[in-house]
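Protein chains in written order, with this note's numbering: chain G, 1 to 506; chain Z, 507 to 1510. Input: a single structure, listed below in structure tokens.
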């Protein structure tokens, strides 16, 4: 019996020893930040805002906000750019170019995905910011930055697709499938979101110079808000807002148009974040070379036929129509277009770019023209550690002062204010052109050449209400009351259980 | 949890009280040992009862027993397969008994996890392969040597040194989680057994059905392989040496077109079907060579295996020491591998109740790996380019935009060193004869270091290393990557086993708890500009510009409670019931405990009264079982919303690191559950010369991980939500037969055959998304895992011959085709051939796996053969399918047999420069039959040995992977790479190797 007791004691104690406390099984992930840990960091809100800025890099062939695929949906869709590359290459971009696009086009789905992923990050950051213990000034600045970006993204979405689902907060998992989120809001509701966001931003963001370079500024928010009002034909608001930007005295045109798109200033002119820059995607060389919008530069780079170390994929090639749109002597033409020299005469010199880089003549190059603005010089600009052409650090100029002037001019012209001519001629003079009159027609023409290949033209034509006329004249099969917006991706309609409705005609 | 421990404790107390009655009798204690009369080996689990009473015990793992009995009584020793022996006690307290065997095979003892069992008492499906069988094959991993020996266990071997073969027990039951089985080495649970020297192994026991594996609970769904290592035996010291030295070469190569054949094909394609230009000019051929790129990168490698062991012991201490060296140069240039293993297994009997044992092993390997892409490059490289002349390489990037494969091997040096210590320290205590307590602590510590250096080379200028300059293969900067990984795990098992016999009732109850911790850490660094001298390959020697480093880790814990009841009545009716409760840190706290029950029933028909007069059957047992087990091989903490850190953006020209939450995790993620039913029959007849077993099983996996696509608006980065939804099934039949006999005084022979049929099916994605996988070149994914199909089924176009003329084309859905093109089946009948015409054409998983093994001894000679084969699986010839550049090389058979107007009956399409779409043209049968091992040995007669004090000397020649019969046209029908979703696609595979070796065994 004594034996038995002893055994029982041994057994019991053994079992208790290994019946470890509950804590033994509580193990947090190692080297990974859980939600709870991340949000207990006092800088969490600011880091989340950084994460929202990072969505500006969504690009490549993947989920995209303002990157390479957006170039397809804007320049390539317009009369500025052809798809480029070889005829068979990248058929989905060809469908956009020709307006044979259908709802299974992956470019559109990746733009949809990219924008909503970015909007989700923004909503998350806003939710956390509102609970944060930052001072009101900091909190409102950070909120302003996030809402600026969210406004920008909804502005893209409404122009790409029309009314889209409205998400301005993080849905609870249980509400994710509700009609509120799974159906389309109207175009007007989305525009209201954009105006609310950009208005908040313009009221709470610091002026250029009062905040680190790269962060959204009051001027940027005002300029975009003005652009939105222009789309809404609210000319007075557009005029007033651009006037504020102009009168802030913080912006001026770069004398030499070509220098705007360089990385380094030339004789104090141009370079990244130059005097004309209102908002641009910041890039840089970091260790991972991931502080860039992938493929933005080399996706539009000159494409070889073998025999030389080419620049890229050769998409978005400037059209003959665009080249012809420049008046004689317009300095912007050669700053916008890389012309490939024909093979003959023998020993053709090829094309030498500003940095001395030589593109061979036509026999070794796929297309006749390439876009100059996205060019990044491997010789003269930030050297990459890797030779990965996909990650060339090219800042994307999203809003320039020249556009602010042209918005102001167009608003003024619509309001019958003669300052339209002054603004227009500010832009023309810089391009070495003779003054002209600030009529709507002249301003539209100027917008095209000033902002060519800068992801504006297609939306601009639709806004002006003449997309059908212009693009059909250009030889595209544009259908009125259909092709003004792209089809809602079919996969998203399916995932909504059919609650997302397709755009007319698709 | 507290409830369970309380329950177990009370169960013990109850049991203890119940048995006090037995002790009340006045008796003497008889102790002793039961051994096999012929071999002298201890017999485990012999039933010993006092005649005329219902009082009895079982012998323990050393054959020892201790029983209380009246001094004038008689003890009855009975053991299935042995003649029952009755021994009068006659006042003796010490009694050693020998039992004569009546049959041999079924009376194995098998390791069943936390204990052993007589095979005849087992109700689940358990197979055993002896260490001698395993050590016979000169291969690295023990699992390779069981290929073809166990029904229902598919082993996919690789020829690459330092590779663990892929093991699938009864099919594949998961899509996204790990599909590998659980390995248990002397109680230490592990996922890698490359550190185990085959010569140290006593046996490998394979637990196949859920009733056998359920004792391992949440990790058992893919089967359990238990390895037991050798121990010393009391008595004479034995010193043994075993060694082999041999050569290794590729067992099968694909013939690539030579320079002229290549040029003929490419130019025909270009001139007649392409641009009209001749792509390969006569000058290129004239100035070039005729390279067989596989010749250039392959070699015949040396393989050696030397093992020395020393074992023995006294009454209280036994020891086993071993040392092993294995070197394997592989068959690709620059490949090298060696491994040293040391083992020390000791047991100390402190007194007759207490035993302490230490089983410890150390292994160290050093390997220089090769980039298997060299195999793809060699397939593609143009044959007119020389591989290397002097120090200069042929410039293949100029010919067809492909890297020179030999350069790839020689200009990279990827080497690793691993040091691993694994061991078990255990205390066994038998306070009273019917109770065994055991506490064992197992450790497994692994230090791994990888140094990967890439040399700098130029393609122009003075450092040009090419015969012709230019092209795009160059490396501007040397690079060095260093990785230090260390992992450690410990497991502490505490078990109690009570064994009692009451008359015809034989009980054994195991209860136990285990605790376990697994920790992993990794530190990596990368720098460029490190000097070429190998002694300088440290990060500090490189440039700080562009330097990077990282560290990461993982930690998980587990706490489990387990119990197993074995009950038999009159050795006729058997019951095994097990239960394991597994708690793990890897799952959410509300969802952390899994409960895994099983029950098995057996009926030993041969022991029935009505079989008493039967002389035909020596064994006949029907068994059936059901159990539930889990698979938790999914990433740690997959259920937690984790921040994506280091989201770079640039402010003021400097990097700002943001964070984001981009994944919507399923916060209720748990393990995958497999429910398995097994029905089996074990039999032996003709005086047990013929034995065998047949099993039917039905395995259903539920709650398997599957991604569900969610709308983009929810903001998940890849719009996927991984959750437990899918279900799979594996159903099959297994058969094993063994014939073992002596044919005369000088002859013995044995033959074993086994085979298994398995049907794998996705029974329900249950809202999950069909999974496309297996991307091949520009063809995109070639597999799709969908409802009612096997996992990883090929989903491609179907070909239907070759167009012969314009009329056929006009009548087809391919208006742009030309005579000589493949004709595809317009599956959806819409008049066009596109992705919507893809259909299912089988999967890589074989339906049938089988093996035939035999051995013959004649006087001093022994000959053994083992074979393995599979049928019913498909292989996608990815190398052939992924034509990357229009000037890539092609196989001789393609070049020779291509369709031309003069060769209209060919099944090979016309010369073509472009990649073809994924179709059945590239899909082949993966069936093969292989002679895995053939060994011929000669044992030197002892009369020649005694002078030199040798106990035995045996010399042998052995051929591993002697011959393979297969219709598959690629390098090997065994594809180890890939996940369950994309197996069976041949690209960049290390070819199967053949080894011929000479060896000797010497005993001193």
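Ideal Cβ placement from N, Cα and C applies to all residues, glycine included.
Would you tell me roughly how many angstroms separate the C-alpha atoms of residue i and residue j, rounded to the nearest one?
i	j	result
residue 579 of chain Z	residue 595 of chain Z	6 Å
residue 143 of chain G	residue 1164 of chain Z	15 Å
residue 1340 of chain Z	residue 1325 of chain Z	19 Å
residue 24 of chain G	residue 647 of chain Z	34 Å
residue 1167 of chain Z	residue 1148 of chain Z	7 Å
residue 92 of chain G	residue 366 of chain G	19 Å
residue 441 of chain G	residue 176 of chain G	46 Å
residue 492 of chain G	residue 169 of chain G	20 Å
residue 350 of chain G	residue 1280 of chain Z	43 Å
residue 1058 of chain Z	residue 30 of chain G	7 Å
residue 1444 of chain Z	residue 1356 of chain Z	29 Å
residue 1055 of chain Z	residue 1030 of chain Z	5 Å
residue 415 of chain G	residue 242 of chain G	14 Å
What are the boundary residues of the beta strand (DSSP E) that residue i is part of?
i	result
residue 1008 of chain Z	985–1008
residue 1109 of chain Z	1099–1110
residue 97 of chain G	First-last for residue 97 of chain G: 91–98, but that is the alpha helix (DSSP H), not the beta strand (DSSP E).
Leaving out the 5 sequence neighbours to the left and right, which residues in its chain are closer than 6 Å to residue i when beta-carbon positions are compared?
i	result
residue 966 of chain Z	975
residue 262 of chain G	270 and 271
residue 945 of chain Z	933 and 1000
residue 1260 of chain Z	657, 1242 and 1357
If you follow the alpha helix (DSSP H) that residue i is part of, which residue opens it and which one closes it?
i	result
residue 35 of chain G	35–40
residue 1306 of chain Z	Taken as a continuous stretch (DSSP letters only), residue 1306 of chain Z belongs to no alpha helix (DSSP H), being part of the beta strand (DSSP E) at 1305–1308.
residue 221 of chain G	218–231
residue 322 of chain G	320–325
residue 180 of chain G	179–182
residue 1386 of chain Z	1384–1387
Evaluate residue i with the Cβ neighbour count: other Cβ atoms within 10 Å of its Cβ, from every protein chain shown; 16 or more gives buried, anything less gives exposed.
i	result
residue 115 of chain G	buried
residue 815 of chain Z	buried
residue 1454 of chain Z	exposed
residue 1011 of chain Z	exposed
residue 188 of chain G	exposed
residue 125 of chain G	buried
residue 735 of chain Z	buried
residue 530 of chain Z	A caution first: residue 530 of chain Z carries a pLDDT of 40, below 50, which makes its placement in the model unreliable, though a value can still be read off. Classification for residue 530 of chain Z: exposed.
residue 1075 of chain Z	exposed
Going by beta carbon distance, what residues of the same chain come within less than 8 Å of residue i, once the five residues before and after it are set aside?
i	result
residue 110 of chain G	61, 62, 63, 64 and 69
residue 1007 of chain Z	553, 555, 560, 561, 562, 563, 564 and 1013
Within its chain, find whatever has a CB closer than 7 Å to the CB of residue i; leave out the 5 residues flanking it on each side and keep chain order.
i	result
residue 1033 of chain Z	986, 1045, 1048, 1049 and 1053
List the residues of chain B whose Cβ lies closer than 7 Å to the Cβ of residue i, in chain order.
i	result
residue 1098 of chain Z	Chain labels in this structure do not include chain B; the protein chains are G and Z.
Exercise for review: Using a Cβ-Cβ cut-off of less than 9 Å, list which residues of the segment 115–137 of chain G approach chain Z; keep chain order.
Suggested key: 115, 116, 117, 118, 119, 120, 121, 123, 124 and 125
Practice item. With 9 Å as the C-beta to C-beta threshold (strictly closer), list the residues of the segment 44–57 of chain G near chain Z in chain order. Key: 44, 46, 47, 48, 49, 50, 51, 52, 53, 54, 55, 56 and 57
Point to revise | Against chain G: residues of the segment 1148–1178 of chain Z by CB proximity under 9 Å | key: 1148, 1149, 1150, 1151, 1152, 1153, 1154, 1155, 1156, 1157, 1158, 1159, 1160, 1161, 1162, 1163, 1164, 1165, 1166, 1167, 1168, 1170 and 1173
Check your understanding: When you check each C-beta in the segment 263–294 of chain G against every C-beta of chain Z, which residues fall closer than 8 Å?
Key -> 282, 283, 284, 286, 287, 288, 290 and 291
Review point. What are the residues of the segment 964–976 of chain Z that lie near chain G, defined by any Cβ-Cβ distance shorter than 8 Å?
Key: For the segment 964–976 of chain Z, there are no residues whose beta carbon sits under 8 Å from a beta carbon of chain G.
Check your understanding: Which residues, in order along the segment 1204–1225 of chain Z, keep a beta-carbon less than 9 Å from a beta-carbon of chain G?
Key -> 1215, 1216, 1217, 1218, 1219, 1220, 1221, 1222, 1223, 1224 and 1225
Point to revise | Interface residues of the segment 164–198 of chain G facing chain Z [CB-CB below 9 Å] | key: 164, 165, 167, 170, 171, 173, 176, 177, 181 and 182
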